[in-house]
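For the sequence shown, my numbering gives the first residue as 922, with consecutive numbering after it. Glycine included, C-beta positions come from ideal geometry on N, C-alpha and C. All figures in this text were calculated on a predicted structure; none of them were measured in a lab. Heads up: the structure comes next, in structure tokens.
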Amino acid sequence: MANDEAAVLAAVGPRLRALRKRRGTTLSDLAETTGISVSTLSRLESGQRRPTLELLLPLARAHQVPLDELVGAPTVGDPRVRPRPIIRHGMTFLPLTRRPGGVQAFK
């Protein structure tokens, strides 16, 4: 697990540099926009400095990309719960509660 985290963090620097170059922005311009020093930005891009949330948030804002794009977060599935309809006696019920017995709510 520690190796996975290290690999994700190591990939942030090249991703930051590629974003900046694609936008045609200099380190000085980015430093002015984000309030992060040129030295810190350079060290982040070269992998000499570990990225923190305090550094990544203004960078994501400046590049107009979501934070998970900066860190290369894997895509996740839909977190919403989809209840399954129950068909009884020709009628379709959609349970709104999970527990059987007692008081139940149906739609």
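Q.
By DSSP's criteria, threonine 1013 is part of a beta bridge. Which residues make up the other side?
A. Ile1008
>> To the nearest angstrom, how far is the alpha carbon of valine 997 from that of aspartate 989?
In response: 11 angstroms
Fill in: Distance between glycine 934 and proline 1006 (C-alpha atoms, nearest Å)
Going by C-alpha positions, proline 1006 is about 48 angstroms away from glycine 934.
Residues in the same chain with beta-carbon distance under 6 angstroms from alanine 932, minus the five sequence neighbours each way, listed in chain order, please. If the five residues before and after alanine 932 are omitted, its C-beta is found closer than 6 angstroms to the C-beta atoms of Gly993, all from its own chain and listed in chain order.
message: Is the beta carbon of leucine 930 closer than 8 angstroms to that of arginine 970?
response: no
field: Coil, strand or helix - aspartate 989 by DSSP
entry: helix
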